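As structure tokens, the structure follows; a few thoughts come after it.
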Amino acid sequence: MAEHVRVMLTEEEVDAKIKEIGEQISKDYAGRQVHLICVLKGGSFFMCELAKRITVPVSFDFMSVSSYGGDTKSSGVVKIVKDLDDSIKDKDVIVIEDIIDSGRTLSYLLEMLQQRGPKSLSLCTLLDKPERRVVDVKVDYTGFQIPDEFVVGYGLDYDQRYRNLPYIGIVEFD
0 MAEHVRVMLT EEEVDAKIKE IGEQISKDYA GRQVHLICVL KGGSFFMCEL AKRITVPVSF
60 DFMSVSSYGG DTKSSGVVKI VKDLDDSIKD KDVIVIEDII DSGRTLSYLL EMLQQRGPKS
120 LSLCTLLDKP ERRVVDVKVD YTGFQIPDEF VVGYGLDYDQ RYRNLPYIGI VEFD
């Protein structure tokens, strides 16, 4: 079965939205430093572009997580594949995600990070699929709310492909 990608959000639309989020974060954190935590792999493209548009001092770190369990669906329990390199105690932290759908893994991750004593903890996502939400997650900065479509590009992949697309596309199967 072959697939093709149809453009959902153009490179220009994504770029403009990231600029807007960067300006809002810069305003909200004026006079402070923000510590960005990128959830790998998908969030890396978004975080790099966002960080370039934030005018307050920025530091960052990376985490890689996976859901696991004996069931066919995500248990919401998170296995830390790569933990943070540095402490987040007393830092203003923003977790950067590429996409939020069910909210299970992210809810668990935010709860775990909160226990590490950050001064503040916020969540920023490029894409949000609220109709797929199973666990309520407070999203502080959202790029786009999208319908329940399988999307790729800008870090999002299908079978490790299409991450490098400069736009957000919908995978359609022939």
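Under numbering that gives the first Met the number 0, think of the first position of the sequence shown as 0, with each following residue one higher. A virtual CB, placed ideally from N, CA and C, is assigned to each residue, including glycine. All figures in this text were calculated on a predicted structure; none of them were measured in a lab.
Roughly how many angstroms separate the alpha carbons of LEU109 and THR141, rounded to a whole number? 16 angstroms
Report the option in SER121, PHE172, GLU48 and VAL77 whose CA atom is closest to the CA atom of LYS90. SER121
Helix, strand or coil for ILE53? Go by DSSP, reduced to three states. coil
Within this structure, are the beta carbons of ILE87 and VAL33 separated by less than 7 angstroms? no
Run the CB neighbour count on PRO117, radius 10 Å, all protein chains shown included, and call it buried at 16 or more, exposed below. buried
Whole alpha helix (DSSP H) elements within the segment 88 to 171, 4-residue minimum: 103 to 113
Hey, is GLU22 close to the ligand ADP, as in C-beta under 6 angstroms from one of its heavy atoms? In the structure on display, the ligand ADP does not appear, and there are no ligands present to speak of.
How about ASP97 and LEU125: are their beta carbons less than 7 angstroms apart? yes
Give the DSSP-derived three-state secondary structure of ASP60 in the structure shown. strand
Opposite LYS81 in the DSSP bridges: which residues? SER63
What distance in whole Å lies between the Cβ atoms of LEU35 and VAL57, which are believed to be in contact at a cut-off of 8 angstroms? 6 angstroms
Residue(s) in a DSSP beta bridge with GLU11: Per DSSP, none; premise fails for GLU11.
Contacting residues, own chain, Cβ-Cβ under 8 angstroms from PRO129 (five flanking each side not counted): GLN144
Closest Cα partner of GLY42 within the set MET7, ASP27 and ILE99: ILE99
Take ARG115 and list the residues in its own chain whose beta-carbon comes closer than 6 angstroms to its own, dropping the five residues that flank it on each side. ILE87
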